[in-house]
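Asker:
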Amino acid sequence: MSNSIKSVGFLQHGVSAVALYYTLASFHGGAAFAQADAASQGASDDLLLEEIVVTAGRREQILQDVPAAVNAVDPATFTTRGLQSTRSVFDYTAGITFIDLGNPGRGTIAARGVPQASATPVFGVYVDDTPLTSNTNFSGGAATFLDGLLLDLERIEIIKGPQGTLFGATSVGGMMRYISKDPALDDFRLSAGIDVHTVENGEWGQTYNGRVSAPIVKDKLGVTLAAYYRDIAGYVDYVDAATGEVLEEDADRGNVEGYSADVLFVPTDDLKLRFKYLKQESETDLSARVQLQGIDGDEALFGEFTSIAAPGPQVVDFEVISGSLEYDFGWATLNATTSGTEFSFATREDFTAAFAGLVDLLDGRDPGTTNSVLFNAGQGAEKFVQEIRLTSAESDNFEWIAGFYYTKEDTFNTQELDVTPAFNLLFADFPSEYEEYAGFGDATFYINDKFDVTAGVRISRNEVTLNFVSSGLLAGETNFESEVINDTVDTYLFAARYRPSENVSLYARVASGYRPPQANLPVIDPFTGQDIAPPIVFADTAWSYELGAKGSNADNTVAYELALWKIDWANFQAPLSANGVTTGGNAVDGLSAHGFEGSLTVAPTASFNATANISYTKSSLNEDEPGLGGLADEDFPEIPNWKGSVQWNYIFPVFEDWDATFGGGLRYQGGYVSAFSQSLTEVPVEVDNYLVADLNLRVSNGRYSFGIYATNLFDARALAERDDLIVGPATDSTAVFLRPRTIGFNVNVDF
0 MSNSIKSVGF
10 LQHGVSAVAL
20 YYTLASFHGG
30 AAFAQADAAS
40 QGASDDLLLE
50 EIVVTAGRRE
60 QILQDVPAAV
70 NAVDPATFTT
80 RGLQSTRSVF
90 DYTAGITFID
100 LGNPGRGTIA
110 ARGVPQASAT
120 PVFGVYVDDT
130 PLTSNTNFSG
140 GAATFLDGLL
150 LDLERIEIIK
160 GPQGTLFGAT
170 SVGGMMRYIS
180 KDPALDDFRL
190 SAGIDVHTVE
200 NGEWGQTYNG
210 RVSAPIVKDK
220 LGVTLAAYYR
230 DIAGYVDYVD
240 AATGEVLEED
250 ADRGNVEGYS
260 ADVLFVPTDD
270 LKLRFKYLKQ
280 ESETDLSARV
290 QLQGIDGDEA
300 LFGEFTSIAA
310 PGPQVVDFEV
320 ISGSLEYDFG
330 WATLNATTSG
340 TEFSFATRED
350 FTAAFAGLVD
360 LLDGRDPGTT
370 NSVLFNAGQG
380 AEKFVQEIRL
390 TSAESDNFEW
400 IAGFYYTKED
410 TFNTQELDVT
420 PAFNLLFADF
430 PSEYEEYAGF
440 GDATFYINDK
450 FDVTAGVRIS
460 RNEVTLNFVS
470 SGLLAGETNF
480 ESEVINDTVD
490 TYLFAARYRP
500 SENVSLYARV
510 ASGYRPPQAN
520 LPVIDPFTGQ
530 DIAPPIVFAD
540 TAWSYELGAK
550 GSNADNTVAY
560 ELALWKIDWA
570 NFQAPLSANG
580 VTTGGNAVDG
590 LSAHGFEGSL
600 TVAPTASFNA
610 TANISYTKSS
620 LNEDEPGLGG
630 LADEDFPEIP
640 NWKGSVQWNY
650 IFPVFEDWDA
660 TFGGGLRYQG
670 GYVSAFSQSL
680 TEVPVEVDNY
690 LVADLNLRVS
700 NGRYSFGIYA
710 TNLFDARALA
720 ERDDLIVGPA
730 TDSTAVFLRP
740 RTIGFNVNVD
750 F
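Take 0 as the starting number for the sequence shown in numbering that gives the first Met the number 0 and just add one per residue.
#1: So, at 6 Å on beta carbons, what are the nonlocal neighbours of Lys271 in its own chain, with the 5 sequence-adjacent residues on each side left out?
#2: Confirm, please, whether the CB-CB distance from Ile155 to Gly173 is below 8 Å.
#3: When you compare the CB positions of Ala226 and Tyr177, do they come within less than 8 Å of one another, or not?
#4: Give the C-beta separation of Gln205 and Asp218 to the nearest angstrom, bearing in mind that I take them to be a contact with Cβ-Cβ under 8 Å.
#5: Among Phe411, Pro420 and Phe397, which has the Cα closest to the Cα of Leu373?
#6: In whole angstroms, what separates the C-alpha of Ile725 from that of Ser676?
#7: Can you grab the Cα-Cα spacing for the pair Phe479 / Ala141, in whole Å?
#8: Does the Cβ of Trp203 have 16 or more other Cβ atoms within 10 Å, making it buried, or fewer, making it exposed?
#9: Excluding sequence positions up to five away, which residues of its chain have a Cβ less than 6 Å from the Cβ of Asp261?
#10: Taking the C-alpha atoms as reference points, what is the distance between Leu620 and Thr164?
#11: Using a Cβ-Cβ cut-off of 7 Å (strictly less than) and excluding sequence neighbours within five positions of Ala42, which residues of its own chain qualify?
#12: Is it the case that the region 489-508 contacts the region 524-535, given that we only count it when at least three CB pairs across the two stretches are under 8 Å?
#13: From Asn208 to Val672, what does the alpha carbon distance come to, in whole angstroms?
#14: Mind checking whether Ala319 and Phe422 have CB atoms under 8 Å apart?
#15: Out of curiosity, what's the CA-to-CA distance linking Ser39 and Val69?
#16: Quick one: what's Asn745 bridged to in DSSP?
#17: Identify which residue in Ser281, Val289, Leu131 and Leu505 has its Cα closest to the Cα of Gly339.
#18: In chain order, what residues of the same chain lie with their CB nearer than 6 Å to the CB of Ala240, ignoring the 5 residues before and after it?
#19: CA-CA distance, Asp127 and Arg738?
#20: Pull up the distance between the alpha-carbon of Thr443 and that of Phe397, whole angstroms please.
#21: For the pair the region 716-736 and the region 681-689, tell me if three or more CB-CB distances fall below 8 Å.
#22: Let's test the definition: count the other Cβ atoms within 10 Å of the Cβ of Ala352 and tell me whether it reaches 16, buried, or not, exposed.
#23: What would DSSP say about Arg105, mapped onto helix, strand or coil?
#24: So within the region 446-483, which uninterrupted beta strand (DSSP E) runs reach at least 3 residues, ignoring any that extend past its ends?
#25: How is Gly356 classed by DSSP in three states: helix, strand or coil?
#26: Please state if the CB of Asn608 and the CB of Trp641 are separated by a distance shorter than 8 Å.
#27: Can the beta-carbon of Phe301 be found closer than 8 Å to that of Gly243?
#28: Quick check: the Cα distance between Phe439 and Asp64, rounded to an integer number of angstroms?
#29: Just to confirm, are Pro515 and Ala168 a CB contact at a threshold of 8 Å?
#30: Counting along the chain, where does the beta strand (DSSP E) carrying Thr92 start and finish?
#31: Compute the Euclidean distance between the alpha carbons of Thr741 and Phe344, then round it to the nearest angstrom.
#32: Should Glu381 and Glu341 be called a contact, given that it needs their Cβ atoms to be closer than 8 Å?
#33: Under 8 Å between the Cβ atoms of Phe750 and Leu189?
#34: Between Tyr234 and the rest of its own chain, which residues show a CB-CB distance below 8 Å, the 5 nearest in sequence each way excluded?
#35: Using a Cβ-Cβ cutoff of less than 6 Å, which residues in the same chain neighbour Ser511 once the five nearest sequence positions on both sides are dropped?
#36: So, helix, strand or coil for Gly293, using DSSP?
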């Protein structure tokens, strides 16, 4: 992956198994592929398939009726098995690739062969109706996301393929929505849990969570309060770069803490008012990135999991405030949502050894005077969103959605060398502003009770500006302001659905998604003295073409899905390199991706079920791309061709009122190449495929549950991501590995 996406360094800018529409009755609306632990839900629950409802089309629909590939996941099916990060959901979702950057909330998401090709995100993330994804390229939003599996959630919806019409910019490859649980208006709810685990050759870790939901005024006013704390066990040692001596064991330890408040007020049968606040902060002392010996293997430079990077705080912070109104007119429902989001990623590194002597020399100080040089870097954004949407009532003839969307985003990207005693060595900031107005809508015509068609459009007006301010001896005095960029982008949706029988749905879908234009900084080629950066990085648009089928047998013991798809992405935004300098730009031509996704769930008895999914993805360049270092027909890096998983659950009685559930899963990801063959910044290396097993056993009586689990059961040493950066005549090889075998137990109580 391009280092410009991962780094906040100075001037480095320069299922698919299509989701099952049935779920286990005990899963409270989770997807069948994400097998829940039925025993944790109640001793009398059966592992049966039932219909679930999603809102992927901005209205409630049975999942089988949605003409798109949608996965609906119950988070509890992962957290009770020791899988506490959203990356685990992606691991078990066909057609999605997650590139782990070694910290909670840090990574990139690619869906259906649409790679994270520049610093502007290609995969959207929402909490309910609040978009969290940045629309700009200097905020760090492409590699920073809300890792929200521990939130108070009803489900997670993952929608694959471009979603530009209903969800707007950056949902190019797909999107994910965290759907919150409604506060209780009737019965009091209380739950609490603890998880304790140990990582192979690492530390012990713990997770604590609790939530209470209570009706303040019965049927009128309800409140939910939730909080969690996750102590992340470290396993990467910090070592001396010269000798390999361990300076700090398990230095990548960290924590994630979060809390939320949710208020629901229903003054009348037609009106709902809701206020939600959530905050999450993740902090680690060191990235889990391991220093490798070189390009010829994945062995660490010293030991098994070691790093030569000095520890320093790395913090990901999210804060979301939203208020929403829903009013039912009878003939249509009005939804209005106002929200504000702040996110940031900040790091601190100690550069004293490298720069202290230089500062003494440059400032005429006595040797040894400078006692501290810290590099502080931060990226993030503040985002305000207002959306108003009118959704027609259900009809057998004609349905429609019409809406207006506004957002204003202020971003920052600051980098500073903080010297003690004070000396202005380096300060740089890249503030930018983004503003968007959009109107959108779709209409569905029911030709008869078996066949319907949908057409939709979104017209977005975008305005972008970028500033660059710098000072200090290393950067010089600069105050640059880009021209104001105004652009209008249209996105479209066309779908047709045919239901030959009650249990079968066939669909065809054509849709587009886009990223807005971006302002660019001037970047001088050191060899020619010319500015190689185009002043504008133009908007890019991807078009998707999809055929799908969803169905089940008559008694709902077998459910299946299949999707065939193709995506064309012309002149996509990308980091371009020339003479050792990297900047932003557009591809000369584009890429084409195609593939398929399929899934099968079987529940032959009330006590057993299993799900398998598989996907194939081929994503390649149409023409030679010198700026990327890629050749025509070359596969895009970090996109595996094959991905799949298998999961199962078996429930059995153990004694009166107590049932046990034995479950497990296998997750497979195919190999890929880490960089383009002609890259000027990275050496291309083959990354091997991997197969990982997870296992769990739980007992429950409906109120109390006790579980044990093992993730990465056989301790597979598998790469989650690697870089082999060209540094002068040498290569700097580093990698993030899948978390080693983790064994743990948990206890949960529900009232």
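For glycine and all other residues, C-beta sits at the position ideal for the given N, C-alpha and C. Since the model is a prediction, treat every value here as computed from it, not as a measurement.
Answerer: Quick look at the numbers:
#1: Taking the first residue of the sequence shown as 1, we reach residue 271 at position 272. Excluding positions up to five away in sequence, the list reads Val265 and Glu325.
#2: By 1-based counting over the sequence shown, the position of residue 173 is 174. By 1-based counting over the sequence shown, the position of residue 155 is 156. Cβ atoms of Gly173 and Ile155: not closer than 8 Å.
#3: Working through the sequence shown from its first residue, we reach residue 226 at position 227. Working through the sequence shown from its first residue, we reach residue 177 at position 178. Result no, Cβ atoms of Ala226 and Tyr177 do not sit closer than 8 Å.
#4: Here residue 205 refers to the residue found at position 206 of the sequence shown. Here residue 218 refers to the residue found at position 219 of the sequence shown. Wrong, their Cβ atoms sit about 38 Å apart, outside the cutoff.
#5: Here residue 373 refers to the residue found at position 374 of the sequence shown. Taking only the C-alpha atoms, the option nearest Leu373 is Pro420.
#6: Here residue 725 refers to the residue found at position 726 when the sequence shown is read from its first residue. Here residue 676 refers to the residue found at position 677 when the sequence shown is read from its first residue. For Ile725 and Ser676, the distance between alpha carbons rounds to 13 Å.
#7: Against the sequence shown, residue 479 aligns to sequence position 480. Against the sequence shown, residue 141 aligns to sequence position 142. Rounded to the nearest angstrom, the two C-alpha atoms are 24 Å apart.
#8: Counting from 1 along the sequence shown, the entry for residue 203 is found at position 204. When all chains shown are included, Trp203 counts as exposed.
#9: For the purposes of this step, residue 261 is taken as the residue at position 262 of the sequence shown. Here the set comprises Pro182, Thr223 and Lys275.
#10: As a first step, residue 620 is located in the sequence shown; it is residue number 621 there, counting from the start. As a first step, residue 164 is located in the sequence shown; it is residue number 165 there, counting from the start. Between the alpha carbons of Leu620 and Thr164 lies a distance of about 26 Å.
#11: Counting from one through the sequence shown, the residue named residue 42 turns up at place 43. Legend: pLDDT at Ala42 = 41, less than 50; position of this residue unreliable, no value from coordinates given.
#12: The region 524-535, when compared against the region 489-508, does not touch it at the 8 Å Cβ threshold.
#13: In the sequence shown, the residue the question calls residue 208 occupies position 209. In the sequence shown, the residue the question calls residue 672 occupies position 673. Counting only the Cα atoms, Val672 lies some 39 Å from Asn208.
#14: As a first step, residue 319 must be located in the sequence shown, where it is residue number 320. As a first step, residue 422 must be located in the sequence shown, where it is residue number 423. The sequence shown places Val at residue 319, rather than the Ala named in the question. No, the Cβ-Cβ distance between Val319 and Phe422 is not below 8 Å.
#15: Within the sequence shown, residue 39 is the residue found at index 40, counting from 1. Within the sequence shown, residue 69 is the residue found at index 70, counting from 1. Bear in mind that a pLDDT of 40 at Ser39, under 50, signals an unreliable position, so the model cannot answer this.
#16: Within the sequence shown, the letter at position 746 stands for residue 745. The partner list for Asn745 (beta bridge, DSSP) reads Asp194 and Gly706.
#17: One-based indexing of the sequence shown puts residue 339 at position 340. Comparing Cα positions, the closest option is Leu131.
#18: As a working note, residue 240 is residue 241 in the sequence shown. Ile307.
#19: Here residue 127 refers to the residue found at position 128 of the sequence shown. Here residue 738 refers to the residue found at position 739 of the sequence shown. Cα atoms of Asp127 and Arg738: separation of roughly 30 Å, rounded to the nearest angstrom.
#20: Locating residue 443 in the sequence shown gives position 444, where the first residue counts as 1. Locating residue 397 in the sequence shown gives position 398, where the first residue counts as 1. When only Cα atoms are considered, Thr443 and Phe397 end up about 6 Å apart.
#21: Contact between the region 716-736 and the region 681-689 is present: three or more C-beta pairs spanning the two stretches fall below 8 Å.
#22: Reading the sequence shown from its first residue, position 353 is the one you call residue 352. With fewer than 16 other Cβ atoms from the protein chains shown falling within 10 Å of its own Cβ, Ala352 counts as exposed.
#23: Counting from 1 along the sequence shown, the entry for residue 105 is found at position 106. Looking at Arg105 - three-state DSSP - the assignment turns out to be strand.
#24: Correct list: 450-470 and 477-480.
#25: Here residue 356 is taken as the residue at index 357 of the sequence shown, counted from 1. Secondary structure at Gly356: helix, using DSSP grouped into helix, strand and coil.
#26: As a first step, residue 641 must be located in the sequence shown, where it is residue number 642. As a first step, residue 608 must be located in the sequence shown, where it is residue number 609. Not closer than 8 Å, so no.
#27: In the sequence shown, the residue the question calls residue 301 occupies position 302. In the sequence shown, the residue the question calls residue 243 occupies position 244. Closer than 8 Å, so yes.
#28: What you label residue 439 is simply residue 440 of the sequence shown in a count that begins at 1. What you label residue 64 is simply residue 65 of the sequence shown in a count that begins at 1. Using only the alpha carbons, I get a separation of about 22 Å.
#29: The count along the sequence shown starts at 1 and reaches residue 515 at position 516. The count along the sequence shown starts at 1 and reaches residue 168 at position 169. At the C-beta level, Pro515 and Ala168 come within 8 Å of one another.
#30: Working through the sequence shown from its first residue, we reach residue 92 at position 93. It is not in any beta strand (DSSP E) - Thr92 carries neither H nor E in the DSSP assignment.
#31: What you label residue 741 is simply residue 742 of the sequence shown in a count that begins at 1. What you label residue 344 is simply residue 345 of the sequence shown in a count that begins at 1. Rounded to the nearest angstrom, the two C-alpha atoms are 27 Å apart.
#32: Working through the sequence shown from its first residue, we reach residue 381 at position 382. Working through the sequence shown from its first residue, we reach residue 341 at position 342. Their beta carbons are under 8 Å apart, which means Glu381 touches Glu341 by this criterion.
#33: Reading the sequence shown from its first residue, position 751 is the one you call residue 750. Reading the sequence shown from its first residue, position 190 is the one you call residue 189. Yes, the Cβ-Cβ distance between Phe750 and Leu189 is below 8 Å.
#34: Here residue 234 refers to the residue found at position 235 of the sequence shown. The residues are Val198, Glu199, Asn200, Gly201, Glu202, Asp249, Asp251, Ala287, Phe304, Arg738 and Pro739.
#35: Position 512 of the sequence shown holds residue 511. Contacts found: Pro161, Gly163, Thr490, Tyr491, Thr540 and Trp542.
#36: To locate residue 293, count along the sequence shown from 1; it is residue 294. Three-state result, Gly293: coil.
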